[in-house]
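Per this note's numbering, the sequence shown runs over residues -10 to 180.
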Amino acid sequence: MTLLTTNRLRLEPFTEGHLAGLNEMNSDPEVMRYLSGGRPETLEETRVLIERVMKRWAEVGYSWWALIELETEELVGAGAVQNLRREATLVPDLACPLEMGWRLRRDRWGQGLAVEAARAMGDFAFKDLNAQELLAVCDPANTASANVMKRLGMQEVGIERWYGKDLLTHRIEADGWTAMRQRRPNEGHAL
Ligand SMILES: CC(C)(COP(=O)(O)OP(=O)(O)OC[C@H]1O[C@@H](n2cnc3c(N)ncnc32)[C@H](O)[C@@H]1OP(=O)(O)O)[C@@H](O)C(=O)NCCC(=O)NCCS
């Protein structure tokens, strides 16, 4: 289980202690707009999610982190490195490439926290997991998420089918990531 730290955030692998904070974020229809069509997540669904994520960490050594704001110690978001799935199934497809994902509490949008967390998660994927490439996918209408991908220097590869959906897909290889990180050494770093 790998803890990461950036200038403003601590990335903690999900535990039961994150239940209330995660459910508060995941029950906001605005946060869930492009994830569940706006349907709020129930407390029980968040509990099941945390269990699944804890199992995943134990099995493969990567999954979802809770983003804890250092200044307030509040849970302000979540981010992941995980295997993409070809179909809309809960079973992870370890044959699929790695992707990064992110979400923030609505009152923390517009501060650069997603890109800051993503830089630390990408460092972890390329260095600790030895990834050759990283993908990121979003609903084609989710421009805020696509902008995070662009800010990370990821290249758009178009619409691809993942999780049983047509998703806008971006990609970056290890060399491209290293070059981006050398240009921006101080913006979010994994300790
Ligand atoms: C996707 C999501 C995480 C993006 O959040 P965000 O706040 O726009 O992204 P960042 O944290 O990288 O912040 C970037 C914004 O902060 C601004 N900003 C302020 N300070 C900044 C800083 N120090 N560094 C970088 N950007 C900064 C940027 O200008 C940018 O604003 P702009 O888009 O108006 O130009 C957020 O919209 C969200 O949680 N959506 C709901 C969940 C979701 O859809 N997740 C993605 C699923 S694929």
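Every residue gets a Cβ at the ideal spot worked out from N, C-alpha and C, and that includes glycine.
Looking at the strands, I want to know which residues DSSP matches up with W91. G68
Is N72 close to ligand 1? I mean its beta-carbon at under 7 Å from any heavy atom of the ligand. no
Excluding the 5 residues flanking E162 on each side, which residues of the same chain have their C-beta closer than 6 Å to its C-beta? E122
Please confirm whether any heavy atom of ligand 1 lies closer than 7 Å to the CB of R140. yes
What ranges does the alpha helix (DSSP H) occupy inside the region 2 to 29, keeping only unbroken runs of at least 4 residues that lie completely in it? 8 to 15
Three or more C-beta pairs below 8 Å linking the region 110 to 125 and the region 44 to 61: yes
Compare the C-alpha of G66 against each of E5, A135 and M14 and name the closest. M14
Rounded to whole angstroms, how far is the Cβ of A103 from the Cβ of W91, which I believe are closer than 8 Å? 4 Å
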